[in-house]
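Data first, discussion second: the structure below is written as structure tokens.
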Amino acid sequence: MTLNELSRHTAEQFTKTYGRPPRWIAAAPGRVNVIGEHTDYNDGFVLPMAIDRYTVIAAAPSNNGATKIQLRSTLGDGAISLDLTQPLKPAAKGAWSNYPVGVIAGFLARGAKPGGFDALIHSTVPLGGGLSSSAALEVSTATLLEAITGLKLDPVDKALLCQKAEHDYAGMPCGIMDQFISVMGKKDHLLLLDCRSRKPELVPMTDPTKALLIINTNVKHELTGGEYAKRRAQCEQAARILGVTSLRDATADMLVRARGRMDEVVFRRARHVISEIERTPHAAEGVRASNWPTVGQLMYASHSSLRDDYEVSCPELDAVVDIAQAIGLKGGVIGCRMTGGGFGGCAVALVAADSVAAISDRIASEYERRTKIKPTLFVSRPAAGATLLQA
Ligand code: GLA
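Rendered as structure tokens:
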């Protein structure tokens, strides 16, 4: 579905649900990270792109007064009612409403006055699939609130407001990658983001002979929340031992010299981060120079490092990468790795565009044979970031 079709569909659903058409419609994309994993909260580099899967949110002023907000999703799990005369607070952990409510709280904290409204959310970003469905929900809500309140945020500020919503309301101590790319994605470009300076650099990705194939393992191991926070703490510990503000300032040599002063696990966590921070700008250079074999090798190296040193992969993700690697350059696979936080979700493969169908078939059948799980595969071009579709 194109974004315009998706917008129309969401408007129709809104009208069915609330008995009148929406006034505002906003959308924000999910993302796939090509390389630079678990580096964002270490002040490192990331290289994501927005995908053409979106969360769309349609809204209209409330008929029930200036202080009532109603949020619904097309997944149909009941309405969330907010009363703006009462302080907002997070619902139970795992509730989808925490993301939009956290964003609304962020706008209120800046003195914005949304007034009452009814909203309906519809998404084509697979939920919990490691493609940042949560950032898409936060950023689409923020884009909607900019329209409703007239408070237009600077893009960096907007991404940070959404990240804070995820920290404070969803209890997930995420980095800044997902919200940044969902706000700042550009059609036909990857985004090389320096998470320290927060300076984004666009990297054109227009070669029609190459495609990024996204492979959803359709598994989600429920370790993610706690394991993610643990990794962050281990990185901070390594930085402390190395005497640096963040692992961005550490080198492989420094780490080797400090090995004796560090727990083995902490050593390996830091080794992943330091090597991944180095790989990421190289991969961006490779994309710029159309040096595809180098990009592919860096993707495989990233996966091994995430699997062995950072320990955030899982057997299903490893199976996908293994199958892709076995197909190899001859079969059109240039590189493959897990993408996102890990413990399930998606892998991303850089492939020859004319072999997408054959590669998809082979990965799907071999993956299902090995794991007894049906994967979902799709190709996405780099898409644009959040937009207001109707105001
Ligand atoms: C999740 C987080 C991001 C980032 C990735 C790992 O997607 O939300 O901030 O840390 O994991 O690269």
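Under this note's numbering, read the sequence shown as residues 876 to 1266, first letter to last. By construction, the Cβ of each residue, glycine as well, lies at the ideal position given by its N, Cα and C atoms.
Strictly closer than 5 Å from CB to any heavy atom of the ligand GLA: give me those residues in the order they appear in the chain.
GLU912, HIS913, ASP915, CYS1049, GLY1050, MET1052, ASP1053, GLY1215 and GLY1216
With C-beta atoms as the reference, is GLY905 less than 8 Å away from THR1214?
no
Which first and last residues belong to the beta strand (DSSP E) in which TRP971 is found?
Premise fails: TRP971 is in no beta strand (DSSP E) and is neither H nor E.
Short Cβ contact (8 Å threshold) for SER1008 with SER998:
yes
Just the C-alpha distance for ILE900 and GLU912, rounded to the nearest angstrom, thanks.
32 Å
Please state whether the Cβ-Cβ distance between ILE1090 and LEU1225 is less than 8 Å.
no
Using the C-alpha atoms, what's the distance from LYS1074 back to ARG1107?
22 Å
Straight-line gap, ALA1232 to PRO1250 (C-alpha atoms, nearest Å):
14 Å
Skipping 5 residues on each side, what residues in its chain have a beta carbon closer than 8 Å to that of ARG1237?
ILE1198, ILE1202 and GLY1206
Distance, Cα to Cα, ALA1114 vs CYS1049?
18 Å
For the beta strand (DSSP E) that contains ASN1091, what are its first and last residues?
1085–1095
Does the Cβ-Cβ distance between ALA941 and GLY990 come in under 8 Å?
yes
Candidates LEU1192, SER1255, LEU1204 and THR1084: closest to ARG1245 by CA position
LEU1192
Who does GLU1186 pair with in a DSSP beta bridge?
Note: GLU1186 sits in no beta bridge, so no partner.
Give the secondary structure of GLU1076 by DSSP, where H, G and I count as helix, E and B as strand, and everything else as coil.
strand
Identity of the residue in PRO962, GLY1220 and PHE992 nearest ARG895 by Cα
PHE992
Look at the Cβ atom of ALA980, then the Cβ atom of ALA1261, and state whether they are nearer than 8 Å.
no
Buried versus exposed call for SER1165 [16 or more other C-beta atoms within 10 Å across all chains shown]:
exposed
DSSP state of THR1251 mapped onto helix, strand, coil
strand
Rounded separation between ALA925 and THR885 - CA only
20 Å
When the distance is taken between beta carbons, is TYR1103 closer than 8 Å to GLY1216?
yes
Just curious, the alpha helix (DSSP H) that TYR916 is in, first and last residue?
Note, TYR916: premise wrong, no alpha helix (DSSP H); not H, not E.
Span separating the alpha-carbon of CYS1189 from that of GLU1111
24 Å
SER972: which of THR960, LEU995 and GLY986 sits nearest, CA to CA?
LEU995
Does the distance from the CB of THR1092 to the CB of ALA984 come in under 8 Å?
no
Beta-bridge pairing of LYS943 - partner residues as DSSP gives them
ASP958
Return yes when the Cβ of THR1016 is within less than 8 Å of the Cβ of VAL1058, no when it is not.
no
Do you know how far the Cα of ALA933 is from the Cα of LEU1020?
11 Å
Taking the alpha-carbon positions, what's the GLN1200 to TYR1175 distance?
8 Å
Give me the DSSP bridge partner(s) of ALA933.
ILE900 and LEU995
Are the Cβ atoms of ASP1184 and HIS1157 separated by less than 8 Å?
no
At which residue ranges does the segment 1144–1228 contain complete beta strand (DSSP E) runs of 3 or more residues, listed in the order of the chain?
1208–1213 and 1219–1227
Close Cβ partners of ASP927 (< 6 Å) along its chain, the five nearest in sequence each way excluded:
SER1255 and ALA1258
Classify ILE1051 as helix, strand or coil using the three-state DSSP reduction.
coil
Quick check on the DSSP output: the alpha helix (DSSP H) that includes LEU1036 runs from which residue to which?
1030–1045
To the nearest angstrom, how far is it from the Cα of GLY919 to the Cα of THR960?
41 Å
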